[in-house]
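To start, the structure itself, in C-alpha cells.
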Amino acid sequence: MRADSGEHAAGTGASVTARSPKSTGVAIAVASAFCFGGSGPFAKPLISAGLSPLQVTWLRIAGGALLMLPFAVRHFDVVRRAPKLLLGYGLFAIAGVQGFYFAAIASIPVGVALLIEFLGPVMVLGWVRFVLRKPVTPSAAIGVAIAVVGLAAVVEIWAGLSFDPVGLLLALGAAGCQAAYFLLSDTGADVDPRALAAYGLLLAAGVVTVLVRPWEVDWSVLGGEIALAGRTIPALLAVGWIVLISTVLAYLTGIMAVRKLSAPIAGAIAFLEPVVATILAWWLLGEHLGAVQLVGGMLVLIGAYAAQRSASGKAERFDTDPLTGAA
Numbered sequence: 001m002r003a004d005s006g007e008h009a010a011g012t013g014a015s016v017t018a019r020s021p022k023s024t025g026v027a028i029a030v031a032s033a034f035c036f037g038g039s040g041p042f043a044k045p046l047i048s049a050g051l052s053p054l055q056v057t058w059l060r061i062a063g064g065a066l067l068m069l070p071f072a073v074r075h076f077d078v079v080r081r082a083p084k085l086l087l088g089y090g091l092f093a094i095a096g097v098q099g100f101y102f103a104a105i106a107s108i109p110v111g112v113a114l115l116i117e118f119l120g121p122v123m124v125l126g127w128v129r130f131v132l133r134k135p136v137t138p139s140a141a142i143g144v145a146i147a148v149v150g151l152a153a154v155v156e157i158w159a160g161l162s163f164d165p166v167g168l169l170l171a172l173g174a175a176g177c178q179a180a181y182f183l184l185s186d187t188g189a190d191v192d193p194r195a196l197a198a199y200g201l202l203l204a205a206g207v208v209t210v211l212v213r214p215w216e217v218d219w220s221v222l223g224g225e226i227a228l229a230g231r232t233i234p235a236l237l238a239v240g241w242i243v244l245i246s247t248v249l250a251y252l253t254g255i256m257a258v259r260k261l262s263a264p265i266a267g268a269i270a271f272l273e274p275v276v277a278t279i280l281a282w283w284l285l286g287e288h289l290g291a292v293q294l295v296g297g298m299l300v301l302i303g304a305y306a307a308q309r310s311a312s313g314k315a316e317r318f319d320t321d322p323l324t325g326a327a
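Residue numbers (the UniProt record's numbering): 1 to 327.
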C-alpha cells in the first residue's frame with residue numbers, strides 16, 4: 001500500500017472514530033429529552049386518580065433522591081464548597097419547577113404547560129434588562145419578541161385565553177423558578193453535575209416532605225389502576241416511570257450527553273423536550289393542540305432558544321448546565 005493511501009485510511013479511521021462518540025452523544029441527548037418529556041403524561045393520570053400535584057411531586061423527588069443517594073455520599077465535599085448553588089438548585093430548579101409544573105398540568109394540557117415553562121430564559125433577559133438595567137443583544141431581544149408572539153398563539157389570547165388562567169399562571173411560576181435558578185447559578189462553583197442532581201433532589205425532597213406530610217396521606221390510589229392511552233395500567237407503573245425514567249435516567253443521560261457533545265449542542269437538543277411531551281400527551285392522554293397552537297409552540301421554542309443563546313454575557317453559563325430539564 002502506498003504511503004499516501006495509508007495516511008488516507010488512517011485519517012478516515014480517525015474521522016469515523018471522532019464521529020462515533022458524537023453520534024452516540026446525540027442519541028443520548030435525544031433519549032434524555034424523551035425521558036424528561038415523559039414525566040407530565042404519566043403524572044397527570046395520577047393527579048386525575050385523586051393524588052394532589054404536590055403529592056405526585058413528592059413521589060418523584062423522594063424516589064429520585066433515594067436512587068441518587070450514592071452520588072451524594074461520593075461527593076459530600078460539595079456541601080461545603082457550593083451550599084448556595086445546591087440550595088438554589090434544590091428549591092428552584094427541582095422543587096419549584098416540578099411542583100408548579102405538576103400543578104399546572106392538573107388544569108391545562110401538558111404540552112402547553114411545558115412550552116410556557118421553557119420561557120425561563122426569556123424571563124432572565126427581562127430581569128437583566130429591566131431590573132439590572134443592563135443591555136441585551138439585538139438577537140436576544142428578537143428572540144424574546146418571537147417567544148411572546150408564540151405564547152400568544154399557544155394560549156389563543158385573541159379568544160380570551162382558551163385555557164384555565166390559574167393553570168397558565170402556575171406554568172409561568174415554573175418558568176420563573178427556572179429563571180431564578182439560572183440567575184442564582186450564574187456565578188456558582190464548579191460542581192460535578194451528578195452531585196448537583198443528587199443533593200438538589202435530597203434538599204427538594206426534604207422541603208416537599210414538610211409540605212406534603214406523606215405519613216398522613218392516604219396512598220390507596222397507588223394500589224389501584226389509572227387510565228392511560230385508553231387502557232388501564234397499575235398506578236405504581238406510572239410512579240415507577242416518573243421516578244426511574246423521567247428523573248434518574250433523565251438526569252444521568254443528560255449528564256452523559258453534555259460530556260460526549262459540546263454543551264451548546266446538548267442544550268439545543270434539550271429543546272425537544274416540549275415536543276416529546278406534546279406528542280406523548282396526544283398519544284397517551286388524547287390532548288390535541290390546534291395548528292395555530294403548534295405553530296405558536298415552535299415560535300416559543302425558537303424564541304426561547306435565541307434568548308438563551310444570546311443573553312448578554314450569560315449564554316455560556318446557561319448552556320453549560322446539563323440539569324435544567326424542565327419537567
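We put the CB at the ideal spot given by N, CA and C, even for glycine.
- Distance check between V243 and each of V26, L67, L54 and A104 places L67 closest, using alpha-carbon atoms only.
- Taking the C-beta atoms as reference points, A204 is found no nearer than 9 Å to Y251.
- Among the bridge pairs identified by DSSP, I226 is matched with I233.
- In the DSSP annotation of this structure, the continuous segment of the alpha helix (DSSP H) that includes P138 starts and ends at P138 to V154.
- Rounded to whole angstroms, the gap between the alpha carbons of A229 and R259 is 35 Å.
- Taking the C-beta atoms as reference points, K44 is found no nearer than 9 Å to I116.
- When DSSP states are grouped into helix, strand and coil, F163 belongs to the coil group.
- Boundaries of the alpha helix (DSSP H) around S39: S39 to S48.
- Boundaries of the alpha helix (DSSP H) harbouring T253: A250 to K260, taken from the DSSP string.
- In this structure, the straight-line span from the alpha carbon of V148 to that of G303 is close to 8 Å.
- In this structure, DSSP gives A304 a helical state, which the three-state scheme calls helix.
- V79 and A307 have their C-alpha atoms spaced approximately 32 Å apart.
- The beta carbon of I108 lies closer than 6 Å to those of F163, D164 and G167 in the same chain, with the five residues before and after it left out.
- CA-CA distance, S220 to A103, rounds to 21 Å.
- Rounded to whole angstroms, the Cβ separation of A235 and L46 is 6 Å, and the two are in contact under 8 Å.
- DSSP, reduced to helix, strand and coil, places S32 within a helical segment of the structure shown.
- Cβ contact annotation for I245 (same chain, cutoff 7 Å, sequence separation greater than five): C35 and G38, in chain order.
- With fewer than 16 neighbouring CB atoms inside 10 Å of its own CB, R213 falls in the exposed class.
- Using a Cβ distance threshold of 9 Å, M123 and A171 do not count as a contacting pair.
- The residue from L69, A270 and Y305 with its alpha-carbon nearest to that of V26 is A270.
- For the pair F118 and E225, the CB atoms are not nearer than the 9 Å cut-off.
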